[in-house]
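Residue numbers (the working numbering): -7 to 138.
Let me begin by presenting the structure, written as structure tokens, before commenting on it.
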Amino acid sequence: MITPEVIKKLDEKKYSRLLNEDGQLKYAKILSDFGIHPESDIFEFYLIFSEPAFLGKDVEFDHICWFFLYSSYESRLEYFWEKRPWGVLPRNIIPLSSFSGEAVLLFDISKDHVYLVTEAEINLMLNGQFNPTWKSFNEFLVAQFL
-7 MITPEVIKKL DEKKYSRLLN EDGQLKYAKI LSDFGIHPES DIFEFYLIFS EPAFLGKDVE
53 FDHICWFFLY SSYESRLEYF WEKRPWGVLP RNIIPLSSFS GEAVLLFDIS KDHVYLVTEA
113 EINLMLNGQF NPTWKSFNEF LVAQFL
């Protein structure tokens, strides 16, 4: 469960809510297709808010469902899952941002870990030699908004 204070803070910052059922169904399908569990924090978060992007204290990250429907998220996935020259990511790792500066935000669906990594650190992460920046999606949200 997402920390209620995070939701309150995002409401105070006037982030738009996803209020219509059709949108929630579309977003839920996208998240399910990625293999994200319906009771996970990331699933809950992306069904509450509808902003294209969120600006936290340390990073800006995307609404992956919004980008999947209205932008170029599929090409970002294609890069990481199929075309990354230094080794592709497994499909349980999804990008939450594009490379901003030199780093990218990655989410490990199977472990609920969030990583802020440079291109060079991605392979260390894949080999288990790089600790997650945040041990859960909720911890990530708390760090960014509280």
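Beta carbons are placed, not taken as given, at the ideal position from N, Cα and C, and that holds for glycine.
Under the three-state DSSP convention, the category Phe41 falls into: strand
Own chain, CB closer than 8 angstroms to Phe60, minus 5 neighbours either side, in chain order: Ile22 and Glu66
Straight-line Cα distance separating Ser63 from Val109: 23 angstroms
Where the alpha helix (DSSP H) through Ile(-1) begins and ends: Pro(-4) to Glu4
Min CB distance Tyr62 to chain B below 7 angstroms: The structure shown contains no chain B; it is built from a single protein chain.
Under the three-state DSSP convention, the category Leu108 falls into: strand
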